[in-house]
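Colleague: Respectively, the protein sequence lines represent chains A and V.
Residues 461 to 678 in the numbering used here are what the first sequence spells out, letter by letter.
Residues 21 to 254 in the numbering used here are what the second sequence spells out, letter by letter.
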Amino acid sequence: MGYKMMFSEITPYFIDFLKGLEISLIISIVGMLFGSFIGLLAAFGKTSSVYIINLPVNIYVEIFRNSPLLIQMYLLYFGLAQFNIQIPALTVAIIALILNNGAYTAVIFQTGINAVRKEQHEAAYALGMTYFQTIRYIVLPQAFRIVIPPLTNQFISIFLFSSVASTIAVSELTYTTMNLEAITLRSFEIFIIAGTLYLIVTTAISFLSRVYENSFKY
Amino acid sequence: MQLDTVIYWYDWLFILKGAGITLFLSLNAMGFGSMLGLIIGVMRTSKLSILNYFSWIYTSLIRGTPLLIQLFLVYYGLPVFFGINISAYVTALVGLAVYSSAFLAEIVKSGLQAVDKGQKDAAKALGMTYLQEFRYVVLPQALKVILPPAFGFFIQLIKDSSLVAIIGFIELTRSGRMVIARTYKPFTIYFGIMFIYFIICYVLSIISRKYFETNRINKHTNLKTLKMTTNKVI
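(1) In chain V, which residues lie with their C-beta within 7 Å of the C-beta of residue 542 (chain A)?
(2) Taking residue 472 (chain A) as the reference, which of A:592, A:640 and A:569 has the closest Cα?
(3) Report yes if the C-beta distance between residue 679 (chain A) and residue 634 (chain A) is below 9 Å; otherwise report no.
(4) Using beta-carbon positions only, say whether residue 584 (chain A) and residue 487 (chain A) come within less than 9 Å of one another.
(5) Just to make sure I have the definition right: I need the residues of chain V whose C-beta is within less than 7 Å of the C-beta of residue 654 (chain A). Which are they?
(6) Within 10 angstroms of the Cβ of residue 528 (chain A), are there 16 or more other Cβ atoms? Answer buried if so, exposed if not.
(7) Quick one: what does DSSP say residue 86 (chain V) is sitting in, helix, strand or coil?
(8) Leaving aside the five residues before and after residue 200 (chain V) along the sequence, list all residues of the same chain whose C-beta is less than 8 Å from its C-beta, in chain order.
(9) Can you tell me whether residue 105 (chain V) is buried or exposed? The criterion is at least 16 other CB atoms within 10 Å of its CB, across all chains shown.
(10) Using a Cβ-Cβ distance under 9 Å, would residue 538 (chain A) count as near chain V?
(11) Mind checking whether residue 228 (chain V) and residue 171 (chain V) have CB atoms under 9 Å apart?
(12) Unbroken alpha helix (DSSP H) runs of length 4 or more, entirely within the region 62 to 149 of chain V: which are they?
(13) When you compare only the Cα positions, how much space is there between residue 661 (chain A) and residue 29 (chain V)?
(14) Indicate the three-state DSSP secondary structure (helix, strand or coil) for residue 36 (chain V) in the structure shown.
(15) CB-CB under 7 Å to residue 550 (chain A), same chain, minus the five flanking residues each way: which ones, in chain order?
(16) Considering only residues of the same chain and omitting the five flanking positions on each side of residue 672 (chain A), which have a CB-CB separation below 8 Å?
(17) Kindly indicate the opening and closing residues of the alpha helix (DSSP H) around residue 155 (chain V).
(18) Mapping the DSSP letters down to three states, classify residue 485 (chain A) as helix, strand or coil.
(19) Between residue 461 (chain A) and residue 151 (chain V), what straight-line distance do the alpha-carbon atoms span, to the nearest angstrom?
(20) Mapping the DSSP letters down to three states, classify residue 189 (chain V) as helix, strand or coil.
(21) Are any of the Cβ atoms in chain V nearer than 9 Å to that of residue 509 (chain A)?
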């Protein structure tokens with residue numbers, strides 16, 4: 461075990477780590493926002509009784525839930541190149557994350573929507589509310605509270621899996637890590653710093669989510 | 021000179037062999053990960069605060085960092101640290117097993133905490149040692165809570181094992197890339213690979229849904245399950 465840790469070699473590159481972290485965060489946040497939006501629509505599509513809406517949405521959700529994110533990114537980035545369609549790597553990463561996230565959040569939202577009891581729907585119908593009014597005033601507020609813990613987990617998962625985008629050369633944190641490892645050859649210190657940065661963000665997200673959840677309790 | 025860009029049937033056979041290796045790797049990693057995860061999960065519920073804190077740090081570290089970073093750490097970091105060369109297979113196995121152990125530890129912990137405290141008190145009243153109580157009373161009941169999410173995690177592990185292609189281990193994703201390097205048909209190959217992953221994971225998730233949802237307590241099995249659980253310790 462003749463390895464001497466020399467963090468002094470890494471400190472000039474710390475700004476690069478932070479730049480990579482910034483891109484990771486941007487990819488994850490954009491992916492989460494748009495993905496949740498698609499997921500919400502897909503959840504309503506899944507709970508719908510109209511077969512024409514139900515079937516394609518189910519196919520989309522099952523396909524993107526049961527295949528790895530890496531393959532989805534490769535398919536969009538390398539696969540479309542077979543047809544001479546070249547999409548820049550950052551865009552591909554964001555699109556793949558949005559589609560993947562959409563499928564997972566669809567299931568999360570579906571669980572939340574189904575958790576609101578049927579009596580609420582019947583009561584709203586008795587009061588003369590339309591379907592959209594029921595969704596907006598009755599279902600969504602109650603589903604929102606149920607849905608927040610799994611959504612936080614999903615966001616953490618997206619943030620951690622944004623590292624996969626490094627395989628298609630998006631300069632986010634993991635890609636920067638690999639580059640710096642090739643430059644400085646100090647693999648242990650580099651990975652410790654990268655891991656610590658990921659850990660800090662993950663812990664911060666869980667902590668903030670718990671604080672937000674506790675603000676609902678009275 | 022003509023470039024040979026046709027995908028032959030034996031290319032698909034090569035890719036299917038990669039699928040078999042993926043499943044083999046995932047099963048092995050799950051096996052080792054379950055054993056380690058069981059130990060760490062039990063440590064998590066321990067009253068000794070050293071064990072508790074150690075396992076809490078362990079699971080937080082591994083669950084809070086990306087799998088890719090962990091795989092790289094094992095592949096590039098460990099040989100430098102220990103001075104020995106590790107093959108890609110061992111790296112993949114160790115990395116995935118450690119990753120699974122952290123997630124499974126959380127699942128095991130929630131399973132153990134789901135067992136009614138009265139069972140443990142009754143076991144103590146009957147004079148069982150801690151090991152006997154764990155093996156005959158707590159574990160069977162905890163397993164009912166642990167198995168559904170653990171199986172779900174196994175499905176997720178099969179998908180996450182695609183990442184070991186990055187460190188050069190030849191499994192499903194990597195074998196696809198090798199065929200693409202010769203045939204220049206990435207869309208067809210990656211679509212086929214996605215289809216294979218989809219079939220494997222979809223079938224497993226259907227099995228999981230059918231098996232674990234028919235075992236859920238409903239009105240008819242309530243009495244029967246009650247009798248089964250109370251026969252353990254009366």
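In this text, a Cβ means the ideal position worked out from N, Cα and C, and glycines have one as well.
Just so it is clear, the structure is predicted and the values come from calculations on it, not from any experiment.
Modeller: Let me spell this out:
(1) Position 82 of the first sequence, counted from the first residue, corresponds to residue 542 (chain A). 205, 206 and 207, listed in chain order.
(2) Taking the first residue of the first sequence as 1, we reach residue 472 (chain A) at position 12. Selected option, being the one with the closest Cα: A:640.
(3) Nothing can be reported for residue 679 (chain A), as the shown portion of chain A is limited to 461 through 678.
(4) Translated into the one-based positions of the first sequence, residue 584 (chain A) becomes position 124. Translated into the one-based positions of the first sequence, residue 487 (chain A) becomes position 27. Result no, Cβ atoms of residue 584 (chain A) and residue 487 (chain A) do not sit closer than 9 Å.
(5) In the first sequence, the residue the question calls residue 654 (chain A) occupies position 194. Within 7 Å Cβ-Cβ: 89.
(6) Translated into the one-based positions of the first sequence, residue 528 (chain A) becomes position 68. By the 10 Å Cβ count, residue 528 (chain A) comes out buried.
(7) Residue numbering aside, residue 86 (chain V) sits at position 66 when the second sequence is read from its first letter. Coil, per DSSP.
(8) Position 180 of the second sequence, counting from 1, holds the residue named residue 200 (chain V). 206, 209 and 210.
(9) As a position in the second sequence, residue 105 (chain V) is number 85, starting the count at 1. Exposed.
(10) Numbered from 1 along the first sequence, position 78 holds the residue referred to as residue 538 (chain A). True, the Cβ-Cβ gap to chain V drops below 9 Å.
(11) Locating residue 228 (chain V) in the second sequence gives position 208, counting from the first residue. Locating residue 171 (chain V) in the second sequence gives position 151, counting from the first residue. For residue 228 (chain V) and residue 171 (chain V), yes; Cβs fall inside 9 Å.
(12) 69 to 84, 87 to 92, 98 to 102, 108 to 133 and 137 to 145
(13) Here residue 661 (chain A) refers to the residue found at position 201 of the first sequence. Here residue 29 (chain V) refers to the residue found at position 9 of the second sequence. Each residue's Cα considered, the two are about 47 Å apart.
(14) Here the question's residue 36 (chain V) lines up with position 16 in the second sequence. Looking at residue 36 (chain V) - three-state DSSP - the assignment turns out to be helix.
(15) In the first sequence, residue 550 (chain A) corresponds to position 90, counting from 1. Contacts found: 630.
(16) Within the first sequence, the letter at position 212 stands for residue 672 (chain A). Hits under 8 Å: 608.
(17) Taking the first residue of the second sequence as position 1, residue 155 (chain V) is located at position 135. No alpha helix (DSSP H) contains residue 155 (chain V), which DSSP labels as neither H nor E.
(18) Sequence index remark: in the first sequence, residue 485 (chain A) carries index 25 (1-based). Looking at residue 485 (chain A) - three-state DSSP - the assignment turns out to be helix.
(19) Position 1 of the first sequence, counted from the first residue, corresponds to residue 461 (chain A). Position 131 of the second sequence, counted from the first residue, corresponds to residue 151 (chain V). Residue placement at residue 461 (chain A) is flagged as unreliable, the pLDDT there being 41, under the threshold of 50; the coordinate-derived value follows with that caveat. Cα to Cα, residue 461 (chain A) sits roughly 38 Å from residue 151 (chain V).
(20) Residue 189 (chain V) sits at position 169 when you count from the first residue of the second sequence. Residue 189 (chain V) falls in the coil class under three-state DSSP.
(21) Reading the first sequence from its first residue, position 49 is the one you call residue 509 (chain A). No, because no Cβ of chain V sits closer than 9 Å to the Cβ of residue 509 (chain A).
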